[in-house]
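Q: Numbering (the numbering used here), first residue to last: 38 to 687. For glycine and all other residues, C-beta sits at the position ideal for the given N, C-alpha and C. Quantities reported herein were computed from a predicted structural model and do not represent experimental measurements.
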Ligand code: GAL
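Shown next, in the form of structure tokens:
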């Protein structure tokens, strides 16, 4: 695993570049991302390119053997371009154009912007595509950041109507699929369909869902246009895009089919502060980050492309969360090893030097604004030195897969039916349940090859199509389904046979009635052992001849089994999920470890990586580590606060 950094040569006097490059190499970094916001310096006036500074920056980095990840600058169209073609601007749901003055102000459907994005990408690829120092390209920057996937522009409206025509063929088919007879919402022609905004009350969920699918397709197309140019003019270079955390507004799996490496931007403390996690967890992991939130994303992006990496790793306090604590000593190193343990191909710290100007002046870097080392510089140096001794190890296939599809998340967003029912949270909680038992998890799309897994968990399988149901019926693995599986058709209707719809082929039960519950009203479940556990937020009453394995106080089934398929009628709390997982893993002979709350374990090749997220000492042996200190390639049997230990399995 290589280490790198995000650098903005245009922010600093040219006289400092050489020293910067030397210091990067001295720390042990070997990758540098540049360029992704540099349009106004590359092309200060229409058609007038100024390459000299970028030529010099790349040569300077190359002279220290630093490889360059070059970003296309399309997240920041310059002022002259916006003034020349205001139709580039995205439009918010109230019909207001999003203004120039920050970034990501473009609409993915704008045909003007599509050609401008291709023009600047081609210009950069023609200039640098064959340069030896350019080893990677990053398309744009964080698609969708600042809530920019959905745009309500005139061009989006036109493209949406075309998209609907392609999908449905005739307006009658659309009317039927959406159920437009309800409230007299029927259309006579595709030209009558508007974008889903501004209605008096809730919009038709089918309309909203299709707009989200359409908007996702615009991102996919936008990205693909750049990738095609880069592949053509810069063969042999890896193409990536930097995805985000907690972000599901487009189908990352589909964008990922065009990438060599799925990268993402990992800000553990900022994400925890902004997450809906309980207060005591936010306090407990204030300066360390939550032990599963980053890992979930690592495993999610691992499932999006052949390789994955971190394009931006938080190095210190950030500027954009409501509160911005500083990481504890050693935690930047721990996060680096967390990525290593999950199979990252590189980790880049964001950013090199803290900028004393503009929006992110309060965001830490590896260097302070006065160019002295910030604490993270020393931790990056330690990692570089240690990693050079570890050698290469590939992540293998896990025993457990967790299916997460973006489309399913949108189903739940559009009509949650219970305010707290969030598809990403339910998936993350399932993931945490598996990880606290020491299991590695491949988070995959339902389109992924599921062969070879022993256990497949599907917390959000809202609308499986016939092909997926067939594949699931042929699985050798045990399948664990959460409530709401198969509860909608692909066009957002209740299946004629009632939920779980086509999954009834695998599971002889019918959901007759559902209820959603306030968070303050947990459900008590009695397990086969007689122990009491809890569930929350959702409960289904089913009709079936199956005997439930666990039931609530009223005797309503909470957990059913039919052969290798298990179905939950309620959202399990940690204690309930844990008992289910222990039962399934022991039947399947999957080895589990009862990890302490703050300790996590992952496997990369024959290496076992253990991390301590707490501020107290912990023992590696609690994670299955050997007692003999000689067997460790890093650390040992005792894990200090923020400690990392690695040993070989054999
Ligand atoms: C990311 C973004 C970077 C920078 C960073 C600050 O979302 O890609 O450009 O803004 O956040 O944490």
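(1) Please go through the same chain and pick out, in chain order, the residues whose beta-carbon is closer than 6 Å to the beta-carbon of residue 290, but skip the five residues on each side of it.
(2) Helix, strand or coil for residue 511, going by three-state DSSP, please let me know.
(3) If you run the structure through DSSP and keep just helix, strand and coil, what is residue 608?
(4) Identify whether residue 149 lies in helix, strand or coil by the three-state DSSP scheme.
(5) Cβ of residue 397 within 9 Å of Cβ of residue 280?
(6) Quick one: is the Cβ of residue 350 within less than 8 Å of any heavy atom of ligand 1?
(7) Helix, strand or coil: which one does DSSP assign to residue 563?
(8) When you measure from the CB of residue 377 to every non-hydrogen atom of ligand 1, does any distance come out below 8 Å?
(9) Between residue 599 and residue 633, how many whole angstroms is the CB-CB distance? I'm expecting something under 8 Å.
(10) Does the stretch 409 to 428 come within contact of the stretch 472 to 479, defined as at least 3 CB pairs closer than 8 Å?
(11) Assuming residue 522 and residue 498 make a contact with CB atoms under 8 Å, what is their CB distance in whole Å?
(12) For residue 465, verify whether its CB is less than 8 Å away from any heavy atom of ligand 1.
(13) Does the stretch 344 to 364 touch the stretch 491 to 505, meaning 3 or more C-beta pairs lie closer than 8 Å?
(14) Just to confirm the assignment, what range does the alpha helix (DSSP H) spanning residue 91 have?
(15) In three-state terms, what does DSSP make of residue 322?
(16) Please state the DSSP three-state secondary structure of residue 217.
(17) Count the other CB atoms within 10 Å of the CB of residue 525; is the residue buried (16 or more) or exposed (fewer)?
(18) What whole-angstrom Cβ distance do residue 249 and residue 227 have, given they're in contact under 8 Å?
(19) Using DSSP's beta-bridge definition, name the partner residues of residue 479.
(20) For the putative contact between residue 176 and residue 278, defined by C-beta atoms under 8 Å, what is the C-beta separation to the nearest angstrom?
(21) Starting from the N-terminal side, write out each stretch of the alpha helix (DSSP H) that is 4 residues or longer and does not extend beyond the stretch 366 to 396.
(22) Sort 467, 102 and 106 by Cα distance to residue 348 and report the nearest one.
(23) Looking only at its own chain, which residues have a Cβ that is under 6 Å from the Cβ of residue 189, when we skip the five neighbours before and after it?
(24) Taking the alpha-carbon of residue 212 as reference, which of 660, 530 and 94 has the nearest alpha-carbon?
(25) Quick check on DSSP: helix, strand or coil for residue 174?
(26) Relative to the alpha-carbon of residue 358, which residue among 237, 333 and 183 has its alpha-carbon at the smallest distance?
(27) Please specify which runs of the beta strand (DSSP E), each continuous and at least 3 residues long, are wholly inside the stretch 426 to 470, giving them in chain order.
(28) Which residues in the same chain have their Cβ closer than 6 Å to the Cβ of residue 496, if we skip the five residues on either side of it in sequence?
(29) At a cut-off of 8 Å, would you count residue 184 as near ligand 3, judging by its Cβ distance to the nearest heavy atom?
A: On the basis of the data shown:
(1) Here residue 290 corresponds to residue number 253 of the chain shown, with the count starting at 1. Cβ within range, chain order: 341 and 482.
(2) Working through the chain shown from its first residue, we reach residue 511 at position 474. Coil.
(3) To locate residue 608, count along the chain shown from 1; it is residue 571. Shown here, residue 608 sits in a strand according to DSSP, grouped into three states.
(4) What you label residue 149 is simply residue 112 of the chain shown in a count that begins at 1. Reduced to three states, the DSSP call for residue 149 is helix.
(5) Position 360 of the chain shown, counted from the first residue, corresponds to residue 397. Position 243 of the chain shown, counted from the first residue, corresponds to residue 280. No, these two residues do not count as a Cβ contact at 9 Å.
(6) Position 313 of the chain shown, counting from 1, holds the residue named residue 350. Incorrect: residue 350 has no Cβ contact closer than 8 Å to ligand 1.
(7) Residue 563 sits at position 526 when you count from the first residue of the chain shown. Strand at residue 563.
(8) Mapped onto the chain shown, residue 377 falls at position 340. False, no ligand heavy atom lies under 8 Å from that Cβ.
(9) Taking the first residue of the chain shown as 1, we reach residue 599 at position 562. Taking the first residue of the chain shown as 1, we reach residue 633 at position 596. Incorrect: roughly 36 Å between the Cβ atoms, too far for contact.
(10) No contact exists between the stretch 409 to 428 and the stretch 472 to 479.
(11) Sequence index remark: in the chain shown, residue 522 carries index 485 (1-based). Sequence index remark: in the chain shown, residue 498 carries index 461 (1-based). About 4 Å; that satisfies the 8 Å criterion.
(12) As a working note, residue 465 is residue 428 in the chain shown. Checking every heavy atom of ligand 1 against the Cβ of residue 465, none is found closer than 8 Å.
(13) The stretch 491 to 505 vs the stretch 344 to 364: no contact.
(14) Locating residue 91 in the chain shown gives position 54, where the first residue counts as 1. Taken as a continuous stretch (DSSP letters only), the alpha helix (DSSP H) holding residue 91 covers 89 to 99.
(15) Reading the chain shown from its first residue, position 285 is the one you call residue 322. The answer is coil: DSSP assigns residue 322 none of H, G, I, E or B.
(16) Position 180 of the chain shown holds residue 217. Annotated three-state conformation of residue 217 is coil, per DSSP.
(17) Numbered from its first residue, the chain shown carries residue 525 at position 488. Here residue 525 is buried, its C-beta having at least 16 other C-beta atoms within 10 Å.
(18) Indexing the chain shown from 1 puts residue 249 at position 212. Indexing the chain shown from 1 puts residue 227 at position 190. Not a contact, Cβ separation roughly 18 Å.
(19) Counting from 1 along the chain shown, the entry for residue 479 is found at position 442. Answer is 438, bridged to residue 479.
(20) In the chain shown, residue 176 corresponds to position 139, counting from 1. In the chain shown, residue 278 corresponds to position 241, counting from 1. That belief holds up - the Cβ atoms of residue 176 and residue 278 are roughly 5 Å apart, short of 8 Å.
(21) With a minimum length of 4 residues, the unbroken runs of alpha helix (DSSP H) contained wholly in the stretch 366 to 396 fall at 368 to 378.
(22) As a first step, residue 348 must be located in the chain shown, where it is residue number 311. The shortest Cα separation from residue 348 among 467, 102 and 106 belongs to 106.
(23) By 1-based counting over the chain shown, the position of residue 189 is 152. Only 128, 130, 232 and 234 meet the Cβ criterion.
(24) Here residue 212 refers to the residue found at position 175 of the chain shown. It is 530 whose Cα lies nearest to the Cα of residue 212.
(25) As a working mapping, residue 174 is identified with position 137 in the chain shown. Assignment of residue 174 by DSSP, reduced to helix, strand and coil, places it in the strand class.
(26) For the purposes of this step, residue 358 is taken as residue 321 along the chain shown, with counting starting at 1. Nearest of 237, 333 and 183 to residue 358, Cα basis: 183.
(27) Unbroken beta strand (DSSP E) runs of no fewer than 3 residues, entirely contained in the stretch 426 to 470, are found at 437 to 440, following chain order.
(28) Along the chain shown, read from residue 1 onward, the residue named residue 496 stands at position 459. Apart from the 5 residues on each side of it in sequence, residue 496 sits with its Cβ closer than 6 Å to the Cβ of 463, 464, 467 and 519 in its chain, given in chain order.
(29) Ligands displayed in this structure: ligand 1; ligand 3 is not among them.
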